[in-house]
Structures are given as structure tokens and as C-alpha cells.
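Following: one structure in C-alpha cells, then a few remarks.
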Amino acid sequence: MLNKDISRGIGLGVFDGCHIGHAELILALVSKSAYLDLVPAVYTFRNHPSYVTGDTGRISDGILTDDAERDRLLKEKGVADVIYQDFTETFSSLEPEEFLNDYIATGCNAKLVVVGYNFRFGRDRKGDVQMLSEWGMHNGIEIIIVKPVMYRGEPVSSSAIRKLIRTGDLRYANGMLGRSYRLSGEVIQGQRLGTKLGFPTANFYPADNMCLPANGVYVTRLFVNGKCYDSVTNIGNRPSVPGRTEQPVVETMILEGDIDLYGRKIDVEFMCKLRDEMQFESLDLLKDSVSKDVARATEYHADSEDIRVLGIRDNIKLSGIHSRRFATNILSISITLPADKERVSEYKLLSRVLTATSGKYPSRNLLINKMNSLYGAVINCSTSKSGDALTIEFTADALHCWDDDTYSFKDAADLLFDMISFPDLDENDCFKEEIVEAEKKGLISEIRSRENDKLKYSLDKAMAEYAGDSVFAVRAFGDVSVLEGLDGERLKRAYDRMLTSGYVYAGIAGRYDRQISDHVLDRLADIFRANEPERRIVPGVFPGYFYRTADPADKSEIRDVEQTKICLVLENTVGNVSYRNMGITLMNEILGGDVDSLLFRTVREELGLAYSVFSFSVPQMNALIMLAGVAGENSETAVTAMKEQLSRIRRGDYDDSILISAKISLRSMLVQSSDNLRDMMNNWSASEMRGSYTRVEDLIDEIERIGKDDLCRIAAWYKPAVSFIVTGKTRKSRIKQQG
Amino acid sequence: MRLLKTRHESGLRVNILPKSGFTKKFAGIYIPFGSVNTVVRYNGRSVRLPAGTAHYMEHCVFSKDEGGGLLSRLSAMGANANAFTSFDSTMYYFSSSENFREILDVYARAVMSPYLGQDRIESEREIIIQELGMYKDNADNSAFNELTANMYSRHPVRYDIGGTPDSVRRIRPVHLEAVKCTCYFPPSAVLTICGDVDLADVPDLSEYSVQNKTIDETAVNDLHFGTVNEPLSVLKRESRMYMDVAVGSFLLGFKNQQTAKLDAMTRSEFLRYKKRSELLLDTLLGEASDAFEYLFKRGLINDSFGVSAVYLNGASFIMIGGESNDPESACYEVRKILNEKLIEGPDDRSRNDFDLKVKMSTGDFVRSLDHVDSLGMMQSRMSVYDLDVFEYFGIYDNMDIDEAFNDLRSAVSDEASSEVYVFRKKR
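Note that the protein sequences, when read in sequence, are chains A and B.
The first sequence begins at 126 in our numbering and counts up by one.
The second sequence begins at -14 in our numbering and counts up by one.
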């Protein structure tokens, strides 16, 4: 029985597949529920409604996710409860209002309902989103209708995905799913014919209600016991060998060696199709063909630079981007915690203390010499803040190997793990005060010196004004007053908390091999063995989004500067938290993200008001920021001109060539990011934070489909929130300040 | 991977670094004309240029026009283009993943034929003055300019690369025209391309060579200001600046007493000298040194502390400094430590540290090969020495700390040094 005292936000739907359209709906549900302090829940059906309504054509291709998988995926996206309704004849004959009143308003105590644009409900599917909106308005229940999510110009739907899978177009289907399609089963004892032919396979029969890829051979990945293996899979009825099966069987060969998986539960992810199922005249012909399949799949895996999960151990996930193009490897370990003023400073200082010395190398000289001995390995620890989340990131960046048989990267990874797990502590098990004090002085000096750069200073002041007293206002570089009170004991507590309460995700990129990735996973599992995350990353909720409630504010300060520094912060009043916000990125590109932007072209080139003028967006803060350095006498003209450029985007009052140029520029940036290992790691890291990974070609496709009208709409979301202007001591500015 | 060097029929020197498997392609056009080149021979006579002319010329190449300017045009084709002017050269570069050949063609032609109409020149003047204003608010930049002005009495290194608002106001079309005709033509430039590229990507710039055939053949050779009679001593030993900063800073500069010897070195001797000096300074004062640890623990420096050296024809110097809450004490301690180290000479620890720095530096070099743009840029910069990056790798062989110590001892002298302090101005 549902506790009716709990106020809920309800997402309605079947959610078969939990694809990128569903993800968008869940994102709206969980983020709005967090804002309204509701428990986000999904109201769905245990059995697919089509079985009862007789519309079985919709699911004749099978289902995409079983109940357990659907439940897991929904909860991973932040849904607290999944409420299952048996879809019976009686239920299907409910009048729309009856369903809403009795089941949703009363039964679930819903204060918010989120549905897809084509949601139908009640007897004969009479209820639609129009009716739902009116009902919501009448009953004081907020209704969110999620617009269709498009993939390559087509609306994403479970039935479209099923069709794609059935025709073997896995790459397209995976794009709509936002992940690779997966089948699971228990490995059965087969005839071992594959082994005899030299191609041992693990075989299972998938559940008969699942949607099966078209018979044929696929490039796949096999997951077992928290590890992932490159593989190739045949799915079909085995027409070429004795014992043809009626029910299709999934036969997967691990490309990295023979592992006995009999009786184990395995998951197989489908990447792309290699060929259709074929009937061979002889076993020799079959063997030849399988050899070719294996070679092609091996080549595919070796060349694929897609992000993959390498292994999961005790909730610690290691992802990988394998590339043969680079001499270097990078390991990144991120730990995310809820941010507050104290913690940000603690971890900023801790990041420096942990990389200044270590238990094994208890001086800066010894530690750096060790890195130098590994041909300039670089070990780093930095902190960053996204909304209300604080992330501590450790990285090891080193050559894979050197011609004197030094395996720099493996040694660098071990050095990093040693630095994390065996810090340089004193006899009381605290960080050494001498080191803490030195690093503290250095850090405080660096924080203070931010003020030396008055453009940065104007940004800092504007953002402080923008976010007020909230945790969102806390900047990632730390706070002097908190730092002054920190000591070795407090840092040790922060360190312990980091290992036990942080949400950990790690990635490795470059030409690493299985031995290295297994080793990294072992060491990660060992360091974080007692880890129970205080908060898991849930897109839209943690990190959360900032919503400003204060009135617009215009501030200024007189300093001894040659040039006036202008910082304008605009707030996205719609608070759009969509996964698919390339529109905001493109709009910023046109405004001031590039040299072909309106700010550059107009404020700098046409009006000659500023040498440096640009803009950037901070999605987690719902903010768009414009910055410029101008001659004092031009400041008012410059502010007006800067604001006018955004108005031009709202009106669509700019040349089409600027839109085309911005698209080319973004496309170029995205394509080129795949030529840089660090950029590839940053993309992975951002996708962990977003909870979804979008392929570069899909992002480019999305950008191409954005029109001027879309940008007019997006630009209209932004309203002036804060301006902060640092002016020089001119007579005019003094008078203005006093006035 | 290897470098292909050729000279195009236009006279343009071309370096091609093929690196397949990457979508990004890089091109850099090196012009051997920078801020210290203050005299050019043009139409048979010497033209003296106001400070900042090279930088002004860079602006003119990119200057706005009816189509929004070169930068906009290149950007619209998919290029990420930029340029910088240094003391002794100007570099125009871009990277792109599409339209590479077309972009290079447009870019190279724009560099070889900058339009120098009065309207363009005037429209850039205010933007440049804005840029100088931005630098003036930067304490590091101001301190650097002060230091070079303190150390050098005649060599044009004493002027900001961008000049001053006054010198920028004095730049006339004739100055820029003289630069265009002597330096901005194919035989004077070096083009480096890197990535999945080949000779067919190189644009034919012959028309710009023909146009300039009337130029005095010796013009390019006479560019350098190496014969300036710069004394070994410094002009001013100390400056104290008061700025609106929260944290002060210091810069300690040593005018290299061996500048004449360096000017006479072969390019490989010079590069070896440069690298071993860098590594020794890093060994003595870098992050892993006991000097750094001592200063850091006393709160005299922060992570901004660093050492660098500038090597130009007729002007070489070493700079040490960074932010400090007590710039005077920090500078005093740095000077004291450096003097002590130079008297003591190498010990076991510094020998070990130095060898490991060599290892680190070779590793850094190999890692930089992972990036098309950094590799291309490295090769472009090598153009000044007419070297290829793979030859450069050879300089790491037999790096000797004793030799490095001898170099440094004969390069620095307290008498030929200058200190610049930036203090917080009371508000």
C-alpha cells in the first residue's frame, strides 16, 4: 500500500527501454520534484498495456527491458518509487477523470504529473495531454508535458527502437536508447562445436518476450562478474550445424581468450551488425567465415574509441576509452560530494597536501623526482564545483612505455594510488602541520591574487551577487576565512570522508591493455573498499540547478584600473535542464563564444569599444555571462551594445552566415576533441555527471537541426540578473558612483 | 614520422609533418619579423619603425572588412585561427578538421597581401590601444616591461611588444608598407603544416613573390638589430611599482653577460646551451628544489613562482619571480640562494635531480607528439633556427650539469641585474 501522506511527483508511462525520450521525462520529473520537495515516482504497468488493449502490433517485436532492468534504469535516474499497476480489463475501462482523480490525485497524492507529448489514458484512450492539463489546472496539480525528443530528425519511441533492433540497425537503435542494447541470460552447456572449431562460445537463450536483433553476427561486449570483454556474437537458429534450434540462441565468443562461463549469468551488449545469418555448405566454410567475423570484430574493437565500461567492482565503475593513436595514457579518478563552504576549502587544501608529499615520498623533491624518473609523468589533483556538487579529481598522465622497458604509465598509476592511499601522516595519524601550513599559505596567497585580475574579480563579485548565500555561490577555489581555521586533523577527517562517502567514478584512456585495466580496478576497489556514497549523482537533482529568487542588481566598484571591466550575468528564467541543450551552446557561440560572434563583430570590430569581449554559459547556474574590458568613457555604450546583441538573437536579427559559421565552429570543436586524449576524458567525465553519453556525431546532427527560431526562443529565456562593473578613477565614474 | 622540407617555387620554405589518424590539421606561417626589428631597408633606405609596428601589422592582417574580417572568414570555414607577435617573429596559425586546403589558401594569401588602406589602419588603432590598456592593468605584464626597460638601455627589447599608446599613434601607412614589402612575402616566410597533409595542400603564392621582385635583395638580412651597441650593464637596478593588487610580486632579472658569445654560436650549440640552462635553473629553483621548498614553507612565494629565460639576437636575460606577500624578502632570498648555489657548484643531489630533469624533458617532448597542433607549433617555432623537431630531440644527448653550471656562472652577475617589485597600492 502506498503511503498517502507522502506528496509525490508522478511520471506516467510504460517506459519500455528507458530511452533518451524517457530520460528527458524523468529528468523533468526528478528535477522539478526536487525543487517542489516531492518524492519522484513513476506510475507504470507490470504488463504491457498492448496485451490487454489488443494492440499487439506495437510489441510484436518483443520488449526492450524486463521489469528488473526497467526498475534499475528508472531508479538510476533518480526515481524513488516505481508504482506498478496491473493493466487489466477493469483498469482499462476506467474513465480518464476517474483514473486521474482516484489513482493519481488520491491514490498517489500527486502534486506534479509529468507525461510525454503523446500520452493517452482511460477508456478507449480518450484522455490526452490537453485534458490532463485542464484537470491539473482545476485541481492545483502542476502538469509538465515533455516535448518529443528527436534523434537524427525522428521522434524517439520504444516502437521505433524495436524496429531498428529487429532490422539489425544497432548503432541507430543505441543512439535512441542512449546506451548499447543488452540481452542477458544464463550460459547453457552446448554441444561445444565452437570449441572444436577453435571458436569457443558462451551460449544462452534470451527470454522469449525480449526484442531480439535480426539473426546475424554482431560486434558485442560481454559482461560477467563485473568485468567487460570484447566479443563477437552470433544470434540465430544455427542453420549450418546439426541441431538447428527453433528458438534463437545467443552465442558469444570472447576475443580475449577462452573463459569457462557455464552456468554464469552474462550480459551481452550489441554494438553493430557484421553480417546476416548464413547457411554454410560445410563446417570448413563456416570456420572460414567465423575467422573473418572474429578478425573484423577484433579490428572494430581496436579502432573503436567509444566510451566503454571496463569493469565494476563494489560499486566502483572503471570506464575506458581505448585508442592506439596516442603514446600517452591518462587515468582519472573523480570523487563527488555535496558541496558546502567548509568542504570546498577543505578539499582544495587537501588536493594540494596530497600531491605535495606522500607516505612513500615524504618530500616534494622525492615525489617530483619519482615522476621525472617516469619520463615526466604528471600526477595532479584538482577540485571543481558544479552547482551544489564538489568533485575532487586525481589524474595520472604518462607515456605508456619507453624503449628502456620502463612502463611509465603503470608505475605512474601506482604512484597515484599510493599517494591517495598512503598519505604523509604524523604520529597522530593526521596530516603533518608543517606541510598543511605551507600549502595553506600558498593557497591563500593564490586566492587573494585572483583580485589582481580585475576581470576575474568582476566575475567573482557578480557571481557572488547572483547566487546570494546559497551553496551555489561558493566558488571552487576556496575561502580564506575557512582555510585559516584548517589543520592536519581536520584535513584527515576530510580525507577519510572522501574515501568512504564520495561518489567515485574512474576512467582510463589511451593504449592501456587488459592487464593494466584489471590492475587499476583492483587498486580502486581496494582504496574505496569501505565506500558508501553520501549522495549519488542523479542528473537534475545532484548536482542540482540554481534558481535565483532575488531582484536584478546592478553593482559597481571604483578601483585603480586603466580599463573598465564589465561582467553581465543573465539568468535562464525557464530553468531548462534538458539533456539536449546544444541549443544553449549554439546560442552562446553566436552571442560571444567565437570570433565570428555578435559581440566580437559588433562590440569589438564595428564599434571598436573593446579588445576583449566574450560570453559563456554556466548551465548548472542557469546563467549566461558576458565579459568585456573597455575604455572608461565607453562603458555605458558598451553595456548597451552587449545587451543589444542578445536582443538581436531574440529577434533573429542577424545574418544567416553567422548561424552557419557558429555551427561550423561548434562542429569543428567537437570533431577535434576526439584528437585529444584529455578532451576525450573530459567528455567522458561530463557524461558521468549528466548520466548519459551522446556520441559526437549525434551532437553534430543535433546542432545541424537547430534553426534561427529555436535560438530566438532560447535567447528569450535569459533575463538580466546582475551586472558588476569595475571602473577606474575618472571624474565621471566617481560622480556616477556617488550618484 | 619524419619531416619533409622543401622550398616552393614561390620561394616559400615549407615544412611538412605528416601525422595520419587525426582529423585535426595544423598550419603555421612564420614571419621573421617581431617587435625588436625596428629598422627595415625599404626602397634602398632605412626606415625606422615606431615601437609596436610588428604587432600593428598582425592586427592589419586580421583587420575587419566588409565580410567581417579575416578571422570571421576563416572561422566560417571551420578554422580555429590565431596569431601572435613575439620579440623576434610573428606567427599566424590555425587548425581545422575540414576545408584545410581552402583555409590555408585564404589565410596564406591574406598574410602575403595585407590590405593597408588608411581606413583599415585607423580602425585598428583604437582596438590596439584598448589591448595595451588591458595589459597595463596586468601586474605581471607591467613588471616584465619595467624589468626589460631597466635592463636594456638601447636594445628594442626594452619596449613592450605592442608598443605604447604614443608609439602606436605614431605608426603610419609607410611603416606598415615597408614591413609588408620586406617581410610579408613568400621567400621570407616559413610554412609548417602538420596532420594528415601533403605537398598538395601548400598554396601557390608565386604571384606575391613576383610582385615583390623589386625589393632590395638584402632587405631581409638587414632586419636584425644585432649590431646595436648595448652595454653589458643594466640601466637601472631597481624599480618599485604600486598597483591595485591584492598580492604583490617581484621579478629578478639577470642580463646575460655572454650574449655576444651566444650570438656567435651555431644553432645546435645554442639550442643545447638553452636547454641545459633551462634544466639547471629548474634544478636549482624549480618546484622540486630545496630553494623552492624553503621559500614556499616561509610563505614567501606561491605556485606562481617561476624561472624563465629570453634569448634574442643581442639581448638575452634570465628572469626569476612570482607573486609574494613580501616581495623584497623573497627577492633577497632568491638572489642569495642562487649565488650560494653557483659558488657551491653541483653536488650529488643536484646531479641526480638534473639527470631526472633530462628524463622528464625527453618524456615531455615525446608526449607533445601526441598532439597535431603542439607538434606543428613546435616545428613552426623551430623555423627560427632552421631546425626540425627530430633534430631537436638530439640535444638531450650528453647533457652535462658541469657545463650548465659554467654557463650560468658566466652568464649572471649581480652587477648586471635588476629587481622590480609590485606592491599593493593603498586604496
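Beta carbons are placed, not taken as given, at the ideal position from N, Cα and C, and that holds for glycine.
Quantities reported herein were computed from a predicted structural model and do not represent experimental measurements.
- Taking 7 Å as the cut-off, the beta carbon of Gly436(A) is found closer than this to the beta carbon of Leu646(A).
- For Thr347(B), the secondary structure class from DSSP, reduced to helix, strand or coil, is helix.
- Taking 7 Å as the cut-off, the beta carbon of Glu308(B) is found closer than this to the beta carbon of Ser574(A).
- Remark: fewer than three beta-carbon pairs, one from each stretch, lie closer than 8 Å, so the region -11 to 3 of chain B and the region 785 to 796 of chain A are not flagged as touching.
- Each of Ile828(A), Pro338(A) and Lys352(A) was checked against the Cα of Asn359(A), and the nearest Cα belongs to Pro338(A).
- The region 355 to 415 of chain A is shown to contain whole beta strand (DSSP E) runs of 3 or more residues at 374 to 379 and 390 to 401, in chain order.
- Near chain B, meaning a CB-to-CB distance below 8 Å, the residues of the region 790 to 823 of chain A are Ser790, Arg792, Ser793, Met794, Val796, Gln797, Ser799, Asp800, Asn801 and Leu802.
- The Cβ of Gln688(A) sits closer than 7 Å to at least one Cβ of chain B.
- For Glu576(A), the closest Cβ of chain B is nearer than 7 Å.
- In terms of Cβ geometry, Ala523(A) and Ser533(A) form a close pair [threshold 7 Å].
- Chain B places no beta carbon closer than 7 Å to that of Asp543(A), leaving this residue out of the contacts.
- Remark: C-beta atoms of Arg775(A) and Ala846(A) do not approach each other more closely than 7 Å.
- The beta carbons of Ala36(B) and Thr75(B) sit no closer together than 7 Å.
- Burial check for Tyr78(B): the Cβ neighbour count within 10 Å reaches 16 or more, so the residue is buried.
- Of the residues assessed, Asp554(A) falls on the exposed side of the cut-off, its CB having fewer than 16 other CB atoms within 10 angstroms.
- Collapsing the DSSP output to three states places Asn130(B) in a helix.
- For Cys179(B), the pairing in a beta bridge is given by DSSP as Leu2(B) and Phe11(B).
- Taking a Cβ-Cβ threshold of 9 Å, none of the residues of chain A is close to Gln103(B); the smallest such distance is about 15 Å.
- Glu576(A) and Val232(B) have their C-alpha atoms some 8 Å from each other.
- Taken through DSSP and simplified to helix, strand or coil, Cys526(A) comes out as coil.
- Note that the region 754 to 763 of chain A does not touch the region 799 to 817 of chain A; fewer than 3 beta-carbon pairs, one per stretch, sit closer than 8 Å.
- Taking C-beta atoms as the reference points, Val274(A) and Phe329(A) fail to come closer than 7 Å.
- The three-state reading of DSSP puts Asn324(B) in helix, counting H, G and I together.
- Judged by DSSP secondary structure, Gly816(A) falls outside any beta strand (DSSP E); it is assigned neither H nor E.
- At a cut-off of 7 Å between C-beta atoms, Lys680(A) does not count as an interface residue with respect to chain B.
- The three-state reading of DSSP puts Ser533(A) in helix, counting H, G and I together.
- Taken through DSSP and simplified to helix, strand or coil, Leu56(B) comes out as helix.
- By the Cβ rule, the region 279 to 295 of chain B counts as touching the region 556 to 574 of chain A, because three or more pairs are nearer than 8 Å.
- Residues Tyr500 and Ser533 of the same chain have their beta carbon placed closer than 7 Å to that of Trp527(A), with the five preceding and five following residues left out of the count.
- In the DSSP assignment, Pro845(A) forms a beta bridge with Leu695(A).
- Close CB contacts of Lys466(A) within its chain, under the 8 Å cut and outside five residues either way in sequence, are with Val596, Val599, Asp604 and Val607 (chain order).
- Rounded to the nearest whole angstrom, the CA to CA distance from Ser799(A) to Phe519(A) is 22 Å.
- In the DSSP assignment, no residue is bridged to Met42(B).
- Within 10 angstroms of the beta-carbon of His263(A) lie fewer than 16 other beta-carbons, which makes it exposed.
- The shortest CA-to-CA distance from Pro677(A) to any of Asn128(A), Val694(A) and Leu318(A) is the one to Val694(A).
- Fully contained in the region 615 to 698 of chain A are the following alpha helix (DSSP H) runs of length 4 or more, in chain order: 639 to 652.
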